[in-house]
Amino acid sequence: MNCEIIMSKKPTEWEILEIDSLSNIVFTQAYPIEKLQERLNQSEDIRLYYIVANEKMVAFKIGYQWNEETFYSWIGGVNPEHRRKGLAKSLLLAMQNDLENSNYKILRTHSRNQFPQMIALNLNNGFYITDTIASDDPLDPKIVFQKNL
Numbered sequence: 029m030n031c032e033i034i035m036s037k038k039p040t041e042w043e044i045l046e047i048d049s050l051s052n053i054v055f056t057q058a059y060p061i062e063k064l065q066e067r068l069n070q071s072e073d074i075r076l077y078y079i080v081a082n083e084k085m086v087a088f089k090i091g092y093q094w095n096e097e098t099f100y101s102w103i104g105g106v107n108p109e110h111r112r113k114g115l116a117k118s119l120l121l122a123m124q125n126d127l128e129n130s131n132y133k134i135l136r137t138h139s140r141n142q143f144p145q146m147i148a149l150n151l152n153n154g155f156y157i158t159d160t161i162a163s164d165d166p167l168d169p170k171i172v173f174q175k176n177l
């Protein structure tokens with residue numbers, strides 16, 4: 029599969045609709061499109077990285093400025109039909125490489141115990157667990173990962 033990564037700093041309507049469509053496939057509780065648009069509208073320095081196959085988005089990763097020194101890798105996913113091909117890692121590395129040429133010093137992300145593949149991806153790519161944030165489910169806190177750029 030051709031793995032061309034596309035980067036967008038101002039997600040288009042098509043890109044947002046594709047993220048919504050893919051999120052409904054990837055997540056048991058998809059992020060509502062209204063909340064997605066709201067978060068994007070409120071965020072600075074948005075960066076969307078994605079891969080398209082047969083005119084459909086099959087993988088994506090979105091991040092934005094957390095503060096002046098930190099970039100937050102917010103949400104991402106890979107269509108189950110395209111998993112185990114290294115797409116999530118490719119998107120993470122594209123984001124990381126892009127950010128190394130910026131003023132950011134830290135790349136931050138969150139995950140949960142229910143996403144063991146994401147936890148492994150972060151740990152295998154140089155992130156450290158730096159904190160946890162309590163959630164409604166005491167067995168599934170948000171896990172905070174950070175990596176120096």
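With our numbering as the guide, the letters of the sequence shown map in order to residues 29 to 177. Heads up, the beta-carbon is just placed ideally off N, CA and C, and yes, glycines get one too.
For Tyr-77, the closest alpha carbon among the candidates Val-86, Ser-71, Pro-144 is that of Val-86.
Apart from the 5 residues on each side of it in sequence, Ser-139 sits with its Cβ closer than 6 Å to the Cβ of Met-146, Ile-147, Ile-171 in its chain, given in chain order. For the pair of segments examined, the segment 91-98 was found not to touch the segment 56-66: the number of CB pairs separated by less than 8 Å stays below three. Ranked by Cα distance from Leu-167, the first of Ser-36, Gln-142, Asn-125, Arg-67 is Gln-142. Between Cys-31 and the set Val-80, Ser-71, Ile-90, Ile-134, the nearest pair of CA atoms involves Val-80. Checking the DSSP bridge columns, you'll see Asn-69 has no partner listed. Cβ-Cβ distances below 7 Å link Trp-102 to Ile-90, Gly-91, Tyr-92 in the same chain, with the five nearest sequence neighbours on each side left out; the list follows chain order. About 6 Å separates the beta carbons of Thr-137 and Asn-150, which is inside the 8 Å limit, making them a contact pair. About 15 Å separates the beta carbons of Gly-114 and Phe-88, which is beyond the 8 Å limit, so they are not a contact pair. As the crow flies, the alpha-carbon of Glu-83 is around 38 Å from that of Thr-158. Closest in C-alpha terms to His-110, from the list Tyr-132, Glu-41, Val-54, Gly-154, comes Val-54. Nearest to Ile-134 by C-alpha distance, out of Asn-69, Lys-117, Lys-175, Met-123, is Lys-175.
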